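Protein chains in written order, with my numbering: chain A, 1 to 417; chain B, 1001 to 1417.
Ideal Cβ positions, reconstructed from N, Cα and C, are used throughout, including at glycine.
As the structure is a computational prediction, the values presented were derived from the model and not from experiment.
Number of protein chains: 2
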Amino acid sequence: MRAEIITIGDELLIGQVVDTNSAWMAERLNENDIELDNITSIHDSREQIIAALDEAFNRADIVLTTGGLGPTKDDITKHVMCEYFGTRLIEDARVRAHIHDLYKERPDVLNRLTATQWLVPECAEILENRVGSAPLMVFHKNGKILASMPGVPYEMKIAMDEQILPYIRNYELKIKNYESRQIFHRTLQVNGIPESSLAILLEDYERHKPDYLHLAYLPKDGIIRLRLSSYGEASEMEMNDWFERLKTLTADYLIADTGDPLEVIAGRLLQQQGATISTAESCTGGKLAALLNKHAGSSAFYWGSVISYDNSVKEHLLGVPADMIRTRGVVSEEVVRTMAESVRSRLNTDYSIATSGIAGPSGGTESKPVGTVWIAWATPNGTTAECFHLGKLREQITDRACMKALIGLLKILNEKS
Amino acid sequence: MRAEIITIGDELLIGQVVDTNSAWMAERLNENDIELDNITSIHDSREQIIAALDEAFNRADIVLTTGGLGPTKDDITKHVMCEYFGTRLIEDARVRAHIHDLYKERPDVLNRLTATQWLVPECAEILENRVGSAPLMVFHKNGKILASMPGVPYEMKIAMDEQILPYIRNYELKIKNYESRQIFHRTLQVNGIPESSLAILLEDYERHKPDYLHLAYLPKDGIIRLRLSSYGEASEMEMNDWFERLKTLTADYLIADTGDPLEVIAGRLLQQQGATISTAESCTGGKLAALLNKHAGSSAFYWGSVISYDNSVKEHLLGVPADMIRTRGVVSEEVVRTMAESVRSRLNTDYSIATSGIAGPSGGTESKPVGTVWIAWATPNGTTAECFHLGKLREQITDRACMKALIGLLKILNEKS
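What follows is the structure, encoded as structure tokens:
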């Protein structure tokens, strides 16, 4: 099965909103053995929607659209779908009851415009949108499927998981001649080697591996993910065998043998060890803390943080001597070690990480240019610290500092386990 | 001038990477009076790249591509461009010198694969990629332009700002019959009214405004942005006049009369007042701190934070009595007020914000379900607190809590100013 995604909304084309929906849907499709060939973003425009539907139906078996289903005038997707499939809007009693239930405690929402939400295209199958008022619509055309979902990310996610994906899987089973292919992806993550050197290191491997195994290099924030994919022709055992060879070849740079975010891997290791962690952050300003507690279950290992953006906070809450800041500088090994040891002891955790750096754009000097970041890791067995130079742009520097902090943590936790 | 973006990379179609480039480029194009009609994401596939180029050239004057320019085997964009434009690769001495200079302190990068980066298509104009090794390529076809950039976001951004946009503007001036149109956007942000009720409130306005003014509703994290756009036919004065009417009509819900992120507006107000701020965060876990110090210059007003994920941190670093946590619950008005007042006094700031809530998926009770969040604002004139119910999903809850915290802060700062 081949799929395409069409995201509809003026806001995407003027950059007011980043399309995070597509990547999320892409991941789910991939897990469900549906190949995604194309993602297209277009305006809330009748002509563009019709042209995009035509193109997508020409190429794909499944067309997924998001957006343009709100009750306001700028949302035209439902009307254009009616035109495209030659149908008309009719009232749907089930949707009407659902919307009344949804807003039973907010009668102000049950107005004239909301009432247009229970008008649905006559020829569409309507699936339940548990958390919103826009009906999920499924259309059929020449044995192909179009599913139309709202663009609000959390509504779309629930719609995909609870309604659209089960619907597609079910529909798939009915299609004659459809052969299910096994898709495998395995990903590892390396650090400390340039992409080109890595590619040279793996030249022999790439030459000898079967053609149906595909190797992709995905660099981000100083880490390179190596993803090995197999589409249908390799057995899981064969795939694993080639993945193990890849691990052996990259062993010197390997930081993880899954594609999971580093904070997830670190959280897993901390939980396995029954250990806790805290952070003391200057330049990363809470980003590292937010990463460590991003995922459900993090309260088992993440205790808390002191964000000491201003020097007074470093002094008063973390006991960094004013003298040390004056003589060594706030971005220094001494200060970052003191921050790490102090937060570890004050928050009573097993591990801690501290960051202090110059995120820019101002504040750089000859000896400590913008991008200089000191990171320290305090553990039950002592403290280590390292200095990094992480680029020139504020966001890049703080993102990379978080990655370096997590890589260092993973090394420590892996030695321990 | 009409533009399209093509982003190239397998990683986009399996959801391993979110395409943030397109939104950023879209914003820049918009600011530069270039209308973006279409964003397409495709695989590193010869056939798909050629088909996408054909389609884009059929519709647009300017085609921008990102991705597929790395030195490794999976990156094929440069080769496909050569085929598409019927040209061949030749060595570029300037690019070669640049790459040698770029890696002068990292000779390990100057290997065989990196050497392929100074091979460029003979018919292309090569612009300088100041921060990376992939050359920026500009091709011409029937009076139209294709510009090919790397997919690494910070390389793309510098390429766009320093090279591609100036190139396009310069080229534009040379094109006969090109009429520059004035595009205006003005955005305001409202809170506390459902999208449909807002639309009803604005029905008369929408009926009476000229057709060439377009009004868009952009809901996100509980805030609705209203964007009024004019494409060429309205004068700036006329536009401003209609925008002022919009402000008057929405005055009861208005939180900002620009589209800037709320933390930017709050930072500006704090700086104008010479005031400082700190946060004490439980459920938001550092996200609010990271927002407040996300932008350059934030060290002028943002002092620091205590992230007290675990109750022991609330007790020891914020002085929340264990008794209060036991009797009132950790998600309570008393606790969140104490957190706010304590962090304000301990970090010696003018303002502070505290959050405590149940981000889930577990931890909810009958009386305090997942999504319950208490927020307190401590100011020189006392402390206020409010309870919110922010949905069911972890990320949604913490994102919305940050928005509620910033909305409350803006109200306080606006009263002050």
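Close-in-space but distant-in-sequence residues of the same chain around residue i (CB under 6 Å, 5 per side omitted)
i	result
A1322(B)	E1315
I1164(B)	A1147
D1074(B)	D1044
L1077(B)	For the record, residue 1077(B) in the displayed sequence is Thr; it is not Leu. Excluding positions up to five away in sequence, the list reads I1008, G1068, L1069.
Neighbour flag for residue i against chain A, beta carbons, 8 Å
i	result
N1058(B)	no
P1150(B)	no
E1206(B)	yes
N1240(B)	no
R1002(B)	no
P1166(B)	no
Y1253(B)	no
G1070(B)	yes
Neighbour flag for residue i against chain B, beta carbons, 8 Å
i	result
L446(A)	Shown here, chain A extends from 1 to 417; a query on residue 446(A) therefore has no answer.
D74(A)	yes
G43(A)	It is His, not Gly, that sits at residue 43(A) in the sequence shown. Judged by the 8 Å Cβ criterion, H43(A) is in contact with chain B.
L36(A)	yes
Q163(A)	no
K368(A)	no
Q396(A)	yes
W377(A)	no
N129(A)	no
K176(A)	Unreliable positioning characterises K176(A) in this predicted model, as indicated by a pLDDT of 47, which lies under 50. The coordinate reading is nonetheless provided below. Output row for K176(A): interface = no.
Y154(A)	yes
For residue j and residue i, the rounded distance between their alpha carbons
i	j	result
S1352(B)	D1221(B)	22 Å
H208(A)	M1081(B)	28 Å
D1033(B)	A1026(B)	11 Å
V336(A)	S282(A)	9 Å
L29(A)	K1104(B)	44 Å
M1001(B)	R1169(B)	10 Å
T229(A)	W24(A)	First, the amino acid is wrong: residue 229(A) is Ser here, not Thr. Cα-Cα distance, rounded: 19 Å.
A97(A)	R46(A)	30 Å
N1414(B)	A1199(B)	26 Å
I1126(B)	H1185(B)	34 Å
Y1253(B)	E1195(B)	12 Å
Y205(A)	R1106(B)	25 Å
E1236(B)	T87(A)	42 Å
S1312(B)	S1305(B)	16 Å
D1241(B)	I1158(B)	36 Å
H1214(B)	I1049(B)	34 Å
I39(A)	T1007(B)	9 Å
S298(A)	S1362(B)	11 Å
H1100(B)	L269(A)	41 Å
E31(A)	D257(A)	18 Å
R400(A)	K416(A)	24 Å
L291(A)	Q396(A)	15 Å
L1013(B)	A1052(B)	15 Å
T1398(B)	T365(A)	37 Å
A115(A)	L1202(B)	17 Å
Cβ shell of residue i (< 7 Å), same chain only, five flanking positions each side left out
i	result
L1406(B)	L1262, E1263, A1266
T379(A)	Y351, I412
M156(A)	N21, T66, M149, P150
V152(A)	G132
Neighbourhood of residue i by C-beta, 8 Å cutoff - its chain only, sequence neighbours within 5 removed
i	result
K368(A)	G329, V331, I358
L1113(B)	P1071, T1072
K1144(B)	F1057, A1060, D1061, I1062, V1063
T970(B)	Residue 970(B) lies beyond the stretch modelled for chain B, which goes from 1001 to 1417, so this question has no answer here.
G1232(B)	R1181, Q1182, I1183, Y1212
Cβ-heavy atom distance, residue i to the ligand SAH, below 7 Å
i	result
L110(A)	Here there are no bound small molecules, and the ligand SAH is not part of this structure.
Cβ-based contacts, 8 Å cut-off: residues of the region 1089-1111 of chain B near chain A: R1106, D1108, V1109, N1111
With three or more C-beta pairs closer than 8 Å as the rule, is the region 1272-1282 of chain B touching the region 342-357 of chain A? no
Does the region 221-238 of chain A come within contact of the region 180-191 of chain A, defined as at least 3 CB pairs closer than 8 Å? yes
Using Cβ-Cβ distances below 8 Å, what residues of the region 1298-1321 of chain B are close to chain A? S1298, S1299, Y1302, W1303, G1304, S1305, V1306, I1307, S1308, Y1309, D1310, S1312, V1313, H1316, L1317
Three CB pairs or more closer than 8 Å across the region 302-316 of chain A and the region 388-395 of chain A: no
Along the region 11-25 of chain A, where does the CB come closer than 8 Å to a CB of chain B? Name the residues. E11, L12, L13, I14, G15, Q16, V17, V18, D19, T20, S22, A23, W24, M25
Got a sec: which bits of the region 261-290 of chain A sit with their beta carbon under 7 Å from any beta carbon on chain B, in order along the chain? G285, G286, K287, A289, A290
Residues of the region 1336-1358 of chain B whose Cβ lies closer than 8 Å to any Cβ of chain A, in chain order: R1346, L1347, N1348
Using Cβ-Cβ distances below 9 Å, what residues of the region 1210-1244 of chain B are close to chain A? H1214, L1215, A1216, Y1217, L1218, P1219, K1220, R1225, R1227, S1229
Could you name the residues of the region 190-206 of chain A whose beta carbon sits closer than 7 Å to any beta carbon of chain B, in the order they occur along the chain? P194, E195, S196, S197, A199, I200, E206
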